[in-house]
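Numbering (the working numbering), first residue to last: 55 to 191.
Read through the structure below, which is laid out as structure tokens, and then see the notes.
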């Protein structure tokens, strides 16, 4: 479970409270304690600003990203899960897509009976999980 600040969600979905967002609970109260031996605890007089989550929600990142993915697909976005991109496809210096990795390869690099070659996926916009750079020649 993670804390989720709804400010960015409000920009995308002003009516988010009516959209069944998978929030587990509202953060309505916060306390901070110094835990000591034998189950004793000492309350801190305040919660530091960087640890305050009042007004946020508790959510499962997995459930939330599935929900957000469903909303994106409703708007016509294609989301491809379950494979990795092995290299970018370029048109001059512009990235126009990605090549996916072959599937059905054993640990020695040999093709298994259910081998499927990678595909070229062309797109106007791509969002990678990590930062990628192009090697210069």
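Ideal Cβ placement from N, Cα and C applies to all residues, glycine included.
Check: Proximity test, residue 124 beta-carbon vs the ligand FAD heavy atom, cut-off 6 Å; Outcome: For the ligand FAD, the structure offers nothing, since it holds no ligand at all.
Check: Residue 139 beta carbon less than 7 Å from that of residue 156; Outcome: no
Check: Close beta carbons around residue 112, own chain, < 6 Å, minus the five adjacent residues each side; Outcome: 55, 78 and 79
Check: Coil, strand or helix - residue 65 by DSSP; Outcome: helix
Check: For residue 97: DSSP bridge partner residues; Outcome: 87
Check: For residue 153 and residue 174, believed in contact at Cβ under 8 Å, the rounded distance; Outcome: 6 Å
Check: Pair within 7 Å by beta-carbon distance, residue 76 and residue 117; Outcome: yes
Check: Beta-bridge pairing of residue 144 - partner residues as DSSP gives them; Outcome: 149
Check: Range covered by the alpha helix (DSSP H) that runs through residue 120; Outcome: 115-128
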